[in-house]
Structures are given as structure tokens and as C-alpha cells.
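Peer 1: Got a structure here, written out as C-alpha cells. Questions coming.
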Amino acid sequence: MGDPRRLRPDEVETFVVRELRKAGLQLSKLKVLARKQLSKEKDEEYSMDLSVLIRVGDADRGVLIECRSEHNPVRSEAVLALSTRLADAKVQHGIMFSTSGYDTDAVHEARQHGIPVLTVADGKSAFARSAWGMAGQPPAWVPEYMSEVVDVDVTGQLRHKLVMSGNPALILDRLKKEETP
6 MGDPRRLRPD
16 EVETFVVREL
26 RKAGLQLSKL
36 KVLARKQLSK
46 EKDEEYSMDL
56 SVLIRVGDAD
66 RGVLIECRSE
76 HNPVRSEAVL
86 ALSTRLADAK
96 VQHGIMFSTS
106 GYDTDAVHEA
116 RQHGIPVLTV
126 ADGKSAFARS
136 AWGMAGQPPA
146 WVPEYMSEVV
156 DVDVTGQLRH
166 KLVMSGNPAL
176 ILDRLKKEET
186 P
């Protein structure tokens, strides 16, 4: 299977749209707002911003989607930066995709700001972590890349939930900001 960090920006854009639609989200008016290199030495480290309308109930909601490809897991500063850009982008919500995963602080930050964080995962690894995972080789129909929603369990460990067909709540429920005591 492949290394998601080797995906080109146009491939990540296609993957993100496909995975959100697979989950059951109704998307419209997709635009690429920006593409930028995160490292001068490494061409494969980049960030891309997409603007899209997502149908939530009977209303279209503006969403800024940041896609990050870098060698290290996304840190909380990147999630906070996305949350501060929402007003300037004139959108109600943010979503982040990463090809390298997230550190625990980034996931906590995302929960506080109502930003779902998803990872572009190697299909074999994502399938093995899913409820269908089993020892040995995955079935031939498992795609090269799959997406997972990343969250934190009650023990503080990262957990991954496979994005499956027709389950928009997996993403939409995370658009709500976490209540702080």
C-alpha cells in the first residue's frame, strides 16, 4: 500500500471530496483558495485550503477545509491557525485533513474549536484498525488510501474511526465546539 504523504495536492483534493461525499455529505461550490509549500527543502510538504458549501439540515454552511501533507504529525498550532482563519474566509466551520496524522494536543484543540480532524491513511492500516480488521492481508477491494476521523478516547489516547458510506454524523457531530467545564 502507499504512503499518503506522497500524494500530490490535486490527488489530495480529489480524495478529500470523494471521502466527504462517501460519508454522505452534500457538497457544492468547491474552490481551491490556496496552495503553499510548508518546507523549502521538501516539495511534498504542503498545505492547501479548499472552500465548500456543505448542506446541514436545510441550510448550506460554508466550510474551510485545510489539507496538510508533512512528515510530522500536525500540531495544535496548525489547528488554532485554521480556527482563526474561519472569520476571514467568511465560513462557519473548518475541517482539517492530514497525510501524517495529529499529535494529541492538536486533536484536543480541534475539539475545543469544533473542527473535525481527519487523516488520509494507508488503506491496509486503516482497514486493520476498523471493526472489520482481521489478521493477515486485507481483502483485494480495500483501496490504497482511506480516511479516518481522529479523536481522543477517555484514556487520552488517539483513536481512529473509518469514514464509511452514508454516515455524515461522524463528521457533522464534530462541528460543535466542545463544552469546557
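Using this note's numbering, you'd call the opening residue of the sequence shown number 6 and step up by one each time.
Note that beta-carbon positions come from the ideal geometry of N, C-alpha and C, so glycine has one too.
Here the structure is a predicted model, which is why all the values come from computation and not from measurement.
Using 8 angstroms as the threshold, is the stretch 116-125 in touch with the stretch 96-105, meaning 3 or more CB pairs across them?
Peer 2: At 8 angstroms Cβ cutoff, the stretches touch.
Peer 1: Would you mind working out which of His-98, Lys-45 and Lys-166 sits nearest Val-154, comparing C-alpha positions?
Peer 2: Among His-98, Lys-45 and Lys-166, the Cα nearest to that of Val-154 is on Lys-166.
Peer 1: Could you tell me the alpha carbon to alpha carbon distance between His-118 and Gly-138, rounded to whole angstroms?
Peer 2: Taking the straight line joining both Cα atoms gives about 31 angstroms.
Peer 1: List in chain order: all unbroken beta strand (DSSP E) runs of 3+ residues lying wholly within the stretch 155-185.
Peer 2: Entirely contained in the stretch 155-185, the beta strand (DSSP E) runs reaching 3 residues are, in chain order, 163-167.
Peer 1: Going by the DSSP bridge assignment, what does Glu-71 pair with across the sheet?
Peer 2: Glu-71 pairs with Asp-54 and Met-101.
Peer 1: Would you say Val-188 and Thr-109 are within 8 angstroms of each other, going by their C-beta atoms?
Peer 2: Beyond the ends of the chain as shown, which are 6 and 186, falls residue 188; an answer cannot be given.
Peer 1: Measuring alpha carbon to alpha carbon, tell me which of Ser-33, Arg-40, Ala-39 and Glu-50 ends up nearest Pro-9.
Peer 2: Among Ser-33, Arg-40, Ala-39 and Glu-50, the Cα nearest to that of Pro-9 belongs to Glu-50.
Peer 1: In the DSSP assignment, what are the bridge partners of Val-79?
Peer 2: In the DSSP output, where bridge partners are listed per residue, Val-79 has Tyr-107.
Peer 1: Grab me the residues of Val-68's own chain with a C-beta within less than 8 angstroms of its C-beta, minus the 5 sequence neighbours each way, in chain order.
Peer 2: Closer than 8 angstroms at Cβ, skipping near neighbours: Ser-56, Val-57, Leu-58, Ile-59, Val-96, Gln-97, His-98, Gly-99 and Ile-100.
Peer 1: How should Arg-23 be labelled, buried or exposed, when 16 other C-beta atoms within 10 angstroms of its C-beta is the threshold for buried?
Peer 2: Per the 10 Å Cβ criterion, exposed.
Peer 1: Assign Asp-33 to one of two classes, buried (16 or more other C-beta atoms within 10 Å of its C-beta) or exposed (fewer than that).
Peer 2: A small correction: the amino acid at residue 33 is Ser; Asp does not occupy that position in the sequence shown. Under this definition Ser-33 is an exposed residue.
Peer 1: Given a cut-off of 8 angstroms, decide if Leu-12 and Ser-74 are closer than it, judged by their beta-carbon atoms.
Peer 2: In contact: Ser-74 and Leu-12 (Cβ atoms closer than 8 angstroms).
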